[in-house]
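> Those sequence lines, one after another, are chains A and B.
For the first sequence, my numbering begins at 561 and goes up steadily by one.
For the second sequence, my numbering begins at 561 and goes up steadily by one.
Let me give you the structure first, and then I'll get to my questions.
Number of protein chains: 2
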Amino acid sequence: MSKQHYQASTYKAQNSVGYLIKRAHSMMLDVLEQVFADRGFSYIQYVILSWLRDGIAVNPKDICIQFRHDSGALTRVIDQLADRGLLERVRRDRDRRKVELQLTEAGRETVEAMIPLVVEKLNLALTDFSTEEVQEFLRLLLKLNTRLQSTLDSKAAPAPAADTKAPAGSDA
Amino acid sequence: MSKQHYQASTYKAQNSVGYLIKRAHSMMLDVLEQVFADRGFSYIQYVILSWLRDGIAVNPKDICIQFRHDSGALTRVIDQLADRGLLERVRRDRDRRKVELQLTEAGRETVEAMIPLVVEKLNLALTDFSTEEVQEFLRLLLKLNTRLQSTLDSKAAPAPAADTKAPAGSDA
DNA sequence: GGATAATACCTGCCTAAGCAGTAATTGTTC
DNA sequence: GAACAATTACTGCTTAGGCAGGTATTATCC
């Protein structure tokens, strides 16, 4: 049973979290892409490189899931980065379906050079924020994401064939 | 001079506001599109209809700016909605360049029917949030958006040829 | 008031994401 | 261990957004 933060009778599109986040996302992208465009990179390309740097992701699959990017599209982006000599595909014997991505030296240098610029943009976006506000903002974003993730996971699940009838009202 | 919320030396991609917002946006879209898909609508189509309902936007231009959607792409989406008889283009004599969009009766009914479902999804996403958390979250999102908007506006400006170098502080 | 700039919308083209289907490898079950 | 299912990555096709240019209308400036 979800709280009635919004009500159909008083709902206005401009106050929707959905809208506010969409707008934030769009503008944040514009701001960050100023950093990448000059160097001939897109946001997704930077993300891949920086995630490899941080060791967050190693396989294309990881990036697909965490960044919610299309698998097919990702293959092509990885191709581009590989063509430019910024990373390499390695197939491990352990599980030969998986591809392990490794930054080359050039790739590492490229990311490292961009990170300070990205950090600068992020700080610029948060200029007016106090330390506490940033903390709280990140906490709430994470909370929302966790919730959304579990919502989507349960939707994707193979339907709860059990007696608890898939309720039309209270969506699973 | 922006605060150093992030530092290049300790920056990790997974803590970036940019990433968290991108992810939130992506998942929120997935959740909402479950509502629209069945009825043959996309998010942008719903947005147009709901904004016309609320009177937020009247001209395509308004929607372009507020929703940060491409002008060319928007024309085609409006075409689709017009073809389906959900809205009409009206040219006013006052300024014959502008197009005024008007919901038809069918259009209004369509939006009204979808709004409760959207509201439900939004509430679901915010289930774990207290009223205060939602308030704070919306406030922070708005604050970020305002800041990003002014950053982009000043970047887009024709370069401050004058001595007073583009005032980063006071946004337009 | 006539030339020039600016605005609003539309059109064509290109790129990239979304989707479905395929191949190769691994896991599972009897 | 052989058949079947699941996983991982890739490929082709479609669709829609981003971008540049075009047209009609209005605003500006001398």
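Don't be surprised by glycine CBs; every beta carbon is placed ideally from N, CA and C.
As the structure is a prediction and not an experimental result, all values here were calculated from the model.
#1: Residues of the segment 623-656 of chain B with a CB closer than 7 Å to any CB of chain A: list them in chain order, please.
#2: Considering just the uninterrupted stretch of the alpha helix (DSSP H) at B/L641, what are its terminal residues?
#3: Helix, strand or coil: which one does DSSP assign to B/Q567?
#4: Based on Cα-Cα distance, which residue from B/A597, B/L708 and B/K715 lies nearest to B/G578?
#5: Output the distance between the C-alpha atoms of A/G615 and B/S576, rounded to the nearest integer angstrom.
#6: Is B/R649 helix, strand or coil by DSSP?
#7: On the criterion of 16 or more Cβ atoms from any shown chain inside 10 Å, does B/A568 qualify as buried, or is it exposed?
#8: Hey, how far is the Cα of B/V618 from the Cα of B/L612?
#9: Evaluate A/D713 with the Cβ neighbour count: other Cβ atoms within 10 Å of its Cβ, from every protein chain shown; 16 or more gives buried, anything less gives exposed.
#10: Using a Cβ-Cβ cut-off of 8 Å, state whether B/T687 counts as contacting chain A.
#11: Under DSSP, the beta strand (DSSP E) around A/Q662 begins and ends at which residues?
#12: Check this for me: beta carbons of A/L686 and B/F697, under 8 Å apart or not?
#13: Between which two residues does the alpha helix (DSSP H) carrying A/I594 extend?
#14: Given a limit of 8 Å on CB to CB distance, which residues of the segment 660-675 of chain B reach chain A?
#15: Could you list which residues in chain B have their beta carbon closer than 7 Å to that of A/K621, in chain order?
#16: Would you mind sorting A/L580 into buried or exposed? The rule is 16 or more other CB atoms within 10 Å of its CB.
#17: Does B/D590 come within less than 8 Å of chain A when only Cβ atoms are used?
#18: Kindly indicate which three-state DSSP category A/I618 falls into: helix, strand or coil?
#19: Buried or exposed for B/S690, going by 16 or more other Cβ atoms inside 10 Å?
#20: Is A/V737 near A/Q662, with beta carbons less than 8 Å apart?
#21: Per DSSP, what kind of secondary structure is A/K681 in: helix, strand or coil?
#22: Quick one: using the 10 Å Cβ neighbour count with 16 as the cut-off for buried, is B/Y566 buried or exposed?
#23: Pick helix, strand or coil for B/G667, following the three-state DSSP scheme.
#24: Anything in chain B within Cβ reach of A/G578, meaning under 7 Å, just list it in chain order.
#25: Rounded to the nearest angstrom, what separates A/R668 and B/Q626 at their Cα positions?
#26: Within 8 Å (strictly less), CB to CB, does A/A721 reach chain B?
#27: Examine chain B for any beta-carbon lying closer than 8 Å to the beta-carbon of A/S602, and answer yes or no.
#28: So is A/Q605 in contact with chain B if we call contact Cβ pairs under 8 Å?
To lay it out plainly:
#1: If the cut-off is 7 Å between Cβ atoms, the segment 623-656 of chain B has R628 near chain A.
#2: As a working mapping, residue 641 of chain B is identified with position 81 in the second sequence. Its alpha helix (DSSP H) spans residues S631 to D643.
#3: Position 7 of the second sequence holds residue 567 of chain B. The answer is coil: DSSP assigns B/Q567 none of H, G, I, E or B.
#4: As a first step, residue 578 of chain B must be located in the second sequence, where it is residue number 18. Closest option to B/G578, judged by alpha-carbon separation, among B/A597, B/L708 and B/K715: B/L708.
#5: Translated into positions along the first sequence, residue 615 of chain A becomes position 55. Translated into positions along the second sequence, residue 576 of chain B becomes position 16. Taking the straight line joining both Cα atoms gives about 15 Å.
#6: The residue given as residue 649 of chain B occupies position 89 in the second sequence. B/R649 falls in the strand class under three-state DSSP.
#7: One-based indexing of the second sequence puts residue 568 of chain B at position 8. Classification of B/A568: exposed, given that the 10 Å Cβ count is below 16.
#8: Counted from its first residue, the second sequence places residue 618 of chain B at position 58. Counted from its first residue, the second sequence places residue 612 of chain B at position 52. For B/V618 and B/L612, the distance between alpha carbons rounds to 6 Å.
#9: Translated into the one-based positions of the first sequence, residue 713 of chain A becomes position 153. Counting Cβ neighbours within 10 Å, A/D713 comes out exposed, since fewer than 16 surround it.
#10: Looking up residue 687 of chain B in the second sequence gives position 127. Taking Cβ atoms only, chain A reaches closer than 8 Å to B/T687, which makes this a yes.
#11: Within the first sequence, residue 662 of chain A is the residue found at index 102, counting from 1. Boundaries of the beta strand (DSSP E) harbouring A/Q662: E660 to L663, taken from the DSSP string.
#12: For the purposes of this step, residue 686 of chain A is identified with residue 126 of the first sequence, where counting begins at 1. For the purposes of this step, residue 697 of chain B is identified with residue 137 of the second sequence, where counting begins at 1. No; because the gap between Cβ atoms is not below 8 Å, this pair is not in contact.
#13: Sequence index remark: in the first sequence, residue 594 of chain A carries index 34 (1-based). This sequence places Gln at residue 594 of chain A; Ile is not what is there. Counting along the chain, the unbroken alpha helix (DSSP H) around A/Q594 starts and ends at V577 to A597.
#14: Among the residues of the segment 660-675 of chain B, those with a Cβ less than 8 Å away from any Cβ of chain A are I675, in the order of the chain.
#15: Counted from its first residue, the first sequence places residue 621 of chain A at position 61. Residues of chain B passing the Cβ test: none, with the nearest at roughly 16 Å.
#16: If you number the first sequence from 1, residue 580 of chain A lands on position 20. Answer is buried; the Cβ neighbour count reaches 16.
#17: Reading the second sequence from its first residue, position 30 is the one you call residue 590 of chain B. It does: the Cβ of B/D590 has a partner Cβ on chain A nearer than 8 Å.
#18: Taking the first sequence and counting its residues from 1, one reaches residue 618 of chain A at position 58. Correcting the residue identity first, residue 618 of chain A is Val in this sequence and not Ile. The answer is coil: DSSP assigns A/V618 none of H, G, I, E or B.
#19: The residue given as residue 690 of chain B occupies position 130 in the second sequence. Here B/S690 is exposed: its Cβ has fewer than 16 other Cβ atoms, across all protein chains shown, within 10 Å.
#20: The requested residue 737 of chain A is not part of the displayed model; chain A covers only 561 to 732.
#21: Position 121 of the first sequence, counting from 1, holds the residue named residue 681 of chain A. Shown here, A/K681 sits in a helix according to DSSP, grouped into three states.
#22: By one-based count along the second sequence, residue 566 of chain B stands at place 6. It counts as buried.
#23: Locating residue 667 of chain B in the second sequence gives position 107, where the first residue counts as 1. Looking at B/G667 - three-state DSSP - the assignment turns out to be helix.
#24: Translated into positions along the first sequence, residue 578 of chain A becomes position 18. For A/G578, the C-beta contacts it makes with chain B under 7 Å involve M588, L592 and L682, in order along the chain.
#25: Within the first sequence, numbered from 1, the residue matching residue 668 of chain A stands at position 108. Within the second sequence, numbered from 1, the residue matching residue 626 of chain B stands at position 66. If I take the Cα positions, the gap works out to 38 Å.
#26: The residue you call residue 721 of chain A lines up with position 161 of the first sequence. With a pLDDT of only 41 at A/A721, under 50, the local geometry of the prediction cannot be trusted, and the value read off the model is given with reservation. A/A721 does not count as touching chain B.
#27: In the first sequence, the residue the question calls residue 602 of chain A occupies position 42. Residue contact with chain B for A/S602: absent (no Cβ-Cβ distance below 8 Å to any residue of chain B).
#28: As a first step, residue 605 of chain A is located in the first sequence; it is residue number 45 there, counting from the start. Look at A/Q605: its C-beta is not under 8 Å from any C-beta on chain B.
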